[in-house]
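Below is one structure; the comments refer to it alone.
Number of protein chains: 2
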Amino acid sequence: MQESLTIGELSVRSGVAPSALRYYERLGLIRADRTGGNQRRYARAELRRVAFIRISQQVGVSLDEIRAALESLPDARTPSPQDWARLSASWRGRLDEKIRLLSKLRDDLDGCIGCGCLSMQRCTLYNPGDALGGEGPGARLMLPRPAADEVA
Amino acid sequence: MQESLTIGELSVRSGVAPSALRYYERLGLIRADRTGGNQRRYARAELRRVAFIRISQQVGVSLDEIRAALESLPDARTPSPQDWARLSASWRGRLDEKIRLLSKLRDDLDGCIGCGCLSMQRCTLYNPGDALGGEGPGARLMLPRPAADEVA
DNA sequence: CCTTGAGTTGAAGTCGACTTCAACTCAAGG
DNA sequence: CCTTGAGTTGAAGTCGACTTCAACTCAAGG
Numbered sequence: 002m003q004e005s006l007t008i009g010e011l012s013v014r015s016g017v018a019p020s021a022l023r024y025y026e027r028l029g030l031i032r033a034d035r036t037g038g039n040q041r042r043y044a045r046a047e048l049r050r051v052a053f054i055r056i057s058q059q060v061g062v063s064l065d066e067i068r069a070a071l072e073s074l075p076d077a078r079t080p081s082p083q084d085w086a087r088l089s090a091s092w093r094g095r096l097d098e099k100i101r102l103l104s105k106l107r108d109d110l111d112g113c114i115g116c117g118c119l120s121m122q123r124c125t126l127y128n129p130g131d132a133l134g135g136e137g138p139g140a141r142l143m144l145p146r147p148a149a150d151e152v153a
Numbered sequence: 002m003q004e005s006l007t008i009g010e011l012s013v014r015s016g017v018a019p020s021a022l023r024y025y026e027r028l029g030l031i032r033a034d035r036t037g038g039n040q041r042r043y044a045r046a047e048l049r050r051v052a053f054i055r056i057s058q059q060v061g062v063s064l065d066e067i068r069a070a071l072e073s074l075p076d077a078r079t080p081s082p083q084d085w086a087r088l089s090a091s092w093r094g095r096l097d098e099k100i101r102l103l104s105k106l107r108d109d110l111d112g113c114i115g116c117g118c119l120s121m122q123r124c125t126l127y128n129p130g131d132a133l134g135g136e137g138p139g140a141r142l143m144l145p146r147p148a149a150d151e152v153a
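Protein chains in written order, with this note's numbering: chain A, 2 to 153; chain B, 2 to 153.
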């Protein structure tokens, strides 16, 4: 079994495009040694880092936060399963919160479907405070509570 | 009670920035009449459209799909509560699917935290086929199933 | 009548996560 | 030795959903 992987190999094994891997490296999420001919060679442990990155993204965490999380890994030794478990566990709260908000939206939507009101005031549905983390792009504006006013 | 709203009024009541309202209009999501001085005047019914847009975005639907959905509304008359209920109901499946994927991710993450493996192959966690609709930006690449290979 | 705030437009900028491109060099197989 | 595929770089492009800007006009109140 080979010690290190070329970028093409890491790409195939991780399912992440080479261009994305180079991008992650620029952001400091992963690292690679170089051969005499300046090609990247990845330690096998980098595979786990890439796995962590992709999983974290599914949880809705930005690359910048993932970078911060990865920095908490010990850099003297190869991270242990426990290190990875600790990191993964740190996203648990976010995931729960995301699921909670989405479930609430579903319940509210069902209520709204019942009454057909779709009013921003009467329904709990339209609840600007409840920003779903990382749902859309751009800055999520903090909205002033709309004045009590009916819709139509 | 006034018949129509200025863009500033609609913005305050809907919690959506005037620039976003103009953007929605360019995309054909909402409409406005014009005064002699070329200012927009919104019918009160537009408030409900804006509410629908924001709710749909929380479900993870793109503006383009929202536009398509809005086009199915009757344009002869002001949409009835039933019309809105039908539209809202059409997102239900997506919302369920999103919640399902997130819940699966949570369960898998718990399993992973238990074993600390964080392996792309052993865990069901890293499951490229299961793209969470509209989670990140950019094209979601369809990944080839990674070869059976251990991580470290 | 004057000022001020609200509105108008088209063009350009922003943000995050990448991809694409051009112009190279290097590695491996026949 | 030659070819071909894989790798390298920096710069620019892309996508969706907006925001910001400059240079205006218009509306309302005192």
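We put the beta carbon where it would ideally sit given N, CA and C, even for glycine.
Indicate whether at least one CB of chain B lies closer than 8 Å to the CB of residue i.
i         : result
Leu96(A)  : yes
Leu154(A) : Residue numbering for chain A in the displayed model covers 2 to 153; residue 154(A) lies beyond these limits and cannot be assessed.
Leu11(A)  : no
Arg78(A)  : no
Gln40(A)  : no
Leu22(A)  : no
Arg107(A) : yes
Ser60(A)  : In the sequence under discussion, the amino acid at residue 60(A) is Val, which differs from the Ser named in the question. Yes, Val60(A) lies at the interface with chain B (some Cβ there is under 8 Å from its Cβ).
Taking the beta carbon of residue i as the centre, do at least 16 other beta carbons fall within 10 Å, making it buried, or is it exposed?
i         : result
Pro80(B)  : buried
Ser20(A)  : exposed
Ala46(B)  : exposed
Gln59(B)  : buried
Leu126(B) : Interpretation of Leu126(B) is limited by its pLDDT of 49, a score under 50 that renders its predicted location unreliable; the figure taken from the coordinates is listed afterwards. The residue is buried, with at least 16 neighbouring Cβ atoms inside 10 Å.
Ala33(B)  : buried
Ser89(A)  : buried
Ser57(A)  : buried
Arg50(B)  : buried
Ala18(A)  : exposed
Arg14(B)  : buried
Gly61(A)  : buried
Check whether chain A comes within 8 Å of residue i, counting only Cβ atoms and requiring the distance to be less than that.
i         : result
Ile31(B)  : no
Ile100(B) : yes
Ile8(B)   : no
Arg68(B)  : no
Glu89(B)  : Strictly speaking, residue 89(B) in this sequence is Ser, with Glu absent from that position. It does: the Cβ of Ser89(B) has a partner Cβ on chain A nearer than 8 Å.
Arg93(B)  : yes
Ser104(B) : yes
Ser5(B)   : no
Leu110(B) : yes
In whole angstroms, give me the CA-to-CA distance for residue i and residue j.
i         : j         : result
Asp76(A)  : Lys105(A) : 41 Å
Ile54(B)  : Leu74(A)  : 42 Å
Glu16(B)  : Arg78(B)  : With the sequence shown as reference, residue 16(B) is identified as Gly, and Glu is not the correct amino acid for it. Cα to Cα, Gly16(B) sits roughly 26 Å from Arg78(B).
Ser5(B)   : Arg42(B)  : 6 Å
Glu98(A)  : Pro82(B)  : 31 Å
Ala70(A)  : Leu96(A)  : 16 Å
Ala86(B)  : Arg107(A) : 13 Å
Glu26(B)  : Glu10(B)  : 16 Å
Ile67(A)  : Arg23(A)  : 16 Å
Ser63(B)  : Thr36(A)  : 44 Å
Leu48(A)  : Ala44(B)  : 56 Å
Leu102(A) : Ser12(B)  : 24 Å
Asp84(A)  : Gly38(A)  : 34 Å
Ile100(A) : Ile100(B) : 6 Å
Closest to residue i by CA distance: which of the options is it?
i         : options                                   : result
Leu28(A)  : Asp65(A), Gln59(A), Glu47(A) and Gly16(A) : Asp65(A)
Gln40(A)  : Arg107(A), Thr7(A) and Ala69(A)           : Thr7(A)
Trp92(A)  : Ile67(B), Gly94(B) and Asp109(B)          : Asp109(B)
Asp111(B) : Gly94(A), Gly9(A) and Leu11(A)            : Gly94(A)
Glu72(B)  : Leu22(B), Ser12(B), Ile31(B) and Arg23(B) : Ile31(B)
Glu113(A) : Ala52(B), Ser63(B) and Cys113(B)          : Note that residue 113(A) is Cys in the sequence shown here, rather than Glu. Ranking the options by Cα distance to Cys113(A), first place goes to Ala52(B).
For the ligand GDP, any of its heavy atoms closer than 7 Å to the Cβ of residue i?
i        : result
Arg87(B) : In the structure shown, the ligand GDP is absent, as is every other ligand, since no ligand is present at all.
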